[in-house]
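Have a look at the structure below, then the notes.
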Amino acid sequence: MIPIVALVDRIRWDRDYGDAEFQLGYWDRVMRRIVRVPMRRVHVEPGERFSFEAVEDDGSVHNVPFHRAREVWRNGVLVWRRHGPEEAMTRSPDRLQAERESSIRLRPKHPRDSR
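Below is the structure:
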């Protein structure tokens with residue numbers, strides 16, 4: 000998966016890819032849910048690799064660490080997602096096991112694993 004900082008840079012600097020309506024979803028610790036903000040209201044200082052500023056609908060500004068970024072939407076389609084530890088509490092044990100198994104199957108086999 001592409002790191003969120005690299006994806007935000009691509010949205011900002013790749014004209015072909017960035018010419019779309021983007022939303023960034025981040026985990027709000029107070030509301031305990033993912034909050035989606037249009038990318039035009041997300042501000043990243045040049046060279047910043049730790050956090051971004053998100054301007055909410057009410058005009059309030061939040062400084063959000065990149066590790067709380069959870070989703071990126073492009074023209075209404077989810078293009079990037081990272082599950083956070085808070086979501087593990089809301090997923091059933093069966094779903095967690097299925098996710099673990101699918102992620103194990105998706106990992107490429109290393110040549111020395113066949114020994």
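Counting from 1, position 105 in the sequence shown corresponds to residue 104 in numbering that gives the first Met the number 0; the numbering is continuous, with no gaps. For every residue, glycine included, the Cβ atom is placed at its ideal position computed from N, Cα and C.
As computed with DSSP, Leu77 is found in a beta bridge with Trp72.
Contact between His66 and Ala53 fails: their C-beta atoms lie close to 14 Å from each other, not under 8 Å. Burial state of Val41 is buried, judged by a 10 Å Cβ sphere holding 16 or more other Cβ atoms.
Trp26 and Arg14 have their C-alpha atoms roughly 28 Å apart. DSSP places Pro84 in the helix class (H, G or I) of the three-state scheme. Contact between the region 43-57 and the region 69-88 is absent: fewer than 3 CB-CB pairs across the two stretches fall below 8 Å.
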